[in-house]
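For reference, the structure is listed below as C-alpha cells.
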Amino acid sequence: MISPSLNSYLAISVMLFAIGLLGVLIRRNTLVVFMCLELMLVASTLGLVAFSRFNGTMDGNVFVFFILTVAAAEVAVGLAIIVALFRKRQTIQIDQLNTLKN
Amino acid sequence: MGDLLFNVFAVFTILTAIGVVVNRNAVNAAMCLLLSLVGVAGLFIALNAYLLAFLLLLVYAGAIVALFLFIVMLLDTKGDARPTLNRLPMVARVLATGLVVAGVASFMTRGRLASPELTAAPAVGASLKLYAYQLFTTYLLPVQILGFLLLIAMLGVIVLSKKFEGLEDIK
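Which chain is which? The protein sequence lines are A and B, in order. Just add 1 to wherever you are in the first sequence, counting from 1, and you've got our numbering. Just add 234 to wherever you are in the second sequence, counting from 1, and you've got our numbering.
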C-alpha cells in the first residue's frame with residue numbers, strides 16, 4: 002500500500018489556504034469573506050494534523066483542538082458584528098462601507 | 235487504498251473550496267464550504283485523526299455553517315452586486331491573484347520537505363486516551379483559558395446583538 006507523502010498533504014493545505022486568501026482578496030460580500038477566512042483556518046489545521054501524523058507526536062492534534070474552539074468563538078463574534086453592521090448601514094458589501102475614506 | 239482515499243478527498247476539497255470563492259450566491263457558497271469541510275474531514279481520517287474529523291464535522295459543519303446560513307437568511311442580501319469597473323481595484327485583484335498563484339506554484343515546484351515514512355510514526359491521533367492525557371496534563375492551562383474565551387465570546391455576542399433602548403436617548 003503506497004500512502005501519500007507529507008508533501009502531498011502540505012500541497013493540499015497550501016492550495017486550500019491560497020484559495021481562501023484569494024476569496025478574502027476578491028470577494029466583496031462580507032459574509033463570503035468570512036467563510037473564506039474559515040477556509041484558511043481549516044487549511045492550517047490540515048497542515049498541523051499532517052505534521053503531527055508524520056512525526057508521531059500529539060501536539061499538532063491538540064493544537065487543532067484549540068483552533069477549533071477559537072474558530073467557534075470567532076465566528077460567533079464576527080457574525081454578531083456583521084449583523085450589527087447591517088443594522089446600522091443596511092449593507093454588507095465591502096466597497097460600500099467607506100465611512101473612513103477621506 | 236490510502237492513496238485512493240487521499241486523491242478522492244483532496245480533489246473534492248479543492249474543487250468545492252473553489253466553489254466557495256466563485257459562487258455569487260452566499261447560500262451556495264456556504265453549501266460549498268460545508269462540502270469542503272467534509273472533504274477535509276475525510277483527509278483527517280486518511281491521517282488517522284478520527285476524533286478530529288468527527289469534531290470538525292460537528293463544530294464546523296454542524297454549528298458554524300448552520301450559523302452562516304442563519305445569518306445569510308437574516309440579512310437577505312442579493313449576493314455580490316455587478317462588479318464596478320473602477321480600474322485600481324481590478325488591477326489590484328488581478329495582481330493579488332497572480333501573486334497567490336505564483337506562490338502556490340513555487341511551493342509545488344521548489345518546496346520539498348524530507349518526508350518521514352508514514353509507517354515509521356505511530357498513529358497517535360487515533361488514541362482517545364492520549365488526547366485526554368495531553369489536555370489534562372501538559373495543556374491544562376490553555377484549556378482553562380479557552381473556557382474563559384468561550385464565556386467572553388458569549389457575553390460579547392449578547393452585548394453586540396442586544397438593542398439598548400435606554401442608551402439611544404442618552405446619546
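Here a beta-carbon is modelled for each residue, glycine too, at the ideal position from N, C-alpha and C. All values derive from a computational prediction rather than experimental measurement.
Check whether B:L383 and A:V71 have beta carbons under 8 Å apart: Yes. Within cutoff.
Anticipated Cβ contact below 8 Å, A:M41 with B:V338, distance rounded: Not confirmed; about 13 Å, so no contact.
Own chain residues within Cβ distance below 8 Å of A:A92, not counting five before or after: This sequence places Thr at residue 92 of chain A; Ala is not what is there. Closer than 8 Å at the Cβ level, and outside the excluded window around A:T92, lie L98.
Beta-carbon separation (whole angstroms), B:G359 vs A:R54, contact threshold 8 Å: With a Cβ gap of about 6 Å, B:G359 and A:R54 count as contacting.
Nearest neighbour of B:F243, chosen from B:G276, B:G296, B:A260 [CA to CA]: Considering only alpha carbons, the answer is B:G276.
8 Å contact criterion, which A:C37 and A:G48 should meet: CB distance rounded: Between A:C37 and A:G48 a beta carbon distance of about 17 Å is seen, past the 8 Å cut, so the two are scored as non-contacting.
Chain-ordered chain B contacts of A:S45 [CB-CB under 9 Å]: Going along chain B, no residue has its Cβ under 9 Å from A:S45, so there is no contact; the nearest lies around 11 Å.
Exposure label - A:V34; buried when at least 16 CB within 10 Å: That one is buried.
Classification of A:F66 by the beta-carbon crowding that lies within 10 angstroms, buried from 16 upward: Buried, since its Cβ has 16 or more Cβ neighbours within 10 Å.
Pairwise C-alpha distance: B:N320 and B:V328: Cα to Cα, B:V328 sits roughly 13 Å from B:N320.
Span of the alpha helix (DSSP H), counted from its first residue to its last, around B:V293: No residue range can be given for B:V293, since it is assigned to no alpha helix (DSSP H) and is classified by DSSP as neither H nor E.
Buried/exposed call for A:A81, threshold 16 Cβ in 10 Å: Label assigned to A:A81: buried.
Under 8 Å by beta carbon: chain A residues contacting B:A228: Shown here, chain B extends from 235 to 405; a query on residue 228 of chain B therefore has no answer.
Partner residues on chain A for B:L301, Cβ-Cβ distance less than 8 Å: Those are V76, A77, L80, listed as they occur along chain A.
Pick from A:T31, A:L26, A:L32 that is closest to B:M324, judged by C-alpha positions: Minimum Cα distance to B:M324 is reached at A:L26.
Residue range of the unbroken alpha helix (DSSP H) whose run includes A:R29: No alpha helix (DSSP H) contains A:R29, which DSSP labels as neither H nor E.
Simplified DSSP state of A:Q97, which is helix, strand or coil: Helix.
B:V274 vs B:L303 beta-carbon contact at 8 Å: B:V274 places its beta carbon 8 Å or farther from that of B:L303.
Option nearest B:D310 by Cα separation, candidates A:A74, A:V76, A:I83: Closest by C-alpha distance to B:D310, out of A:A74, A:V76, A:I83, is A:I83.
Residues that B:Y284 contacts on chain A, provided the C-beta gap is smaller than 7 Å: Close to B:Y284, with beta-carbon spacing below 7 Å, lies no residue of chain A; the smallest spacing is near 11 Å.
Chain-ordered chain C contacts of B:T247 [CB-CB under 8 Å]: Given the protein chain composition of this structure (A and B), no chain C is represented.
Extent of the continuous alpha helix (DSSP H) to which B:A361 belongs: Strictly speaking, residue 361 of chain B in this sequence is Ser, with Ala absent from that position. Bounds of any alpha helix (DSSP H) do not take in B:S361, whose DSSP letter is neither H nor E.
A:G61 classed as buried or exposed, judged by whether at least 16 other C-beta atoms fall within 10 angstroms: Around the CB of A:G61, 16 or more other CB atoms lie within 10 Å, so the residue is classed as buried.
Beta-carbon proximity list for B:L268, same chain, < 7 Å, skipping 5 on both sides: These residues qualify, in order along the chain: A295, V299.
Chain-ordered neighbours of B:F278 on chain A, where CB pairs are closer than 9 Å: Those within 9 Å of B:F278 in chain A are T46, L47, V50, V65.
Close Cβ partners of A:M2 (< 6 Å) along its chain, the five nearest in sequence each way excluded: Because the pLDDT at A:M2 is just 45, under 50, the model does not fix this residue reliably, and the value given afterwards should be weighed accordingly. Answer for A:M2: no residue qualifies.
Closer than 8 Å to chain B by CB, A:R90: No, its Cβ sits nowhere closer than 8 Å to a Cβ of chain B.
Near-chain A residues of the stretch 333–351 of chain B - C-beta to any C-beta below 9 Å: For the stretch 333–351 of chain B, the set of residues with a beta-carbon nearer than 9 Å to any beta-carbon of chain A comprises V334, V335, G337, V338, F341, M342, G345, R346, L347, A348, S349, P350, E351, in chain order.
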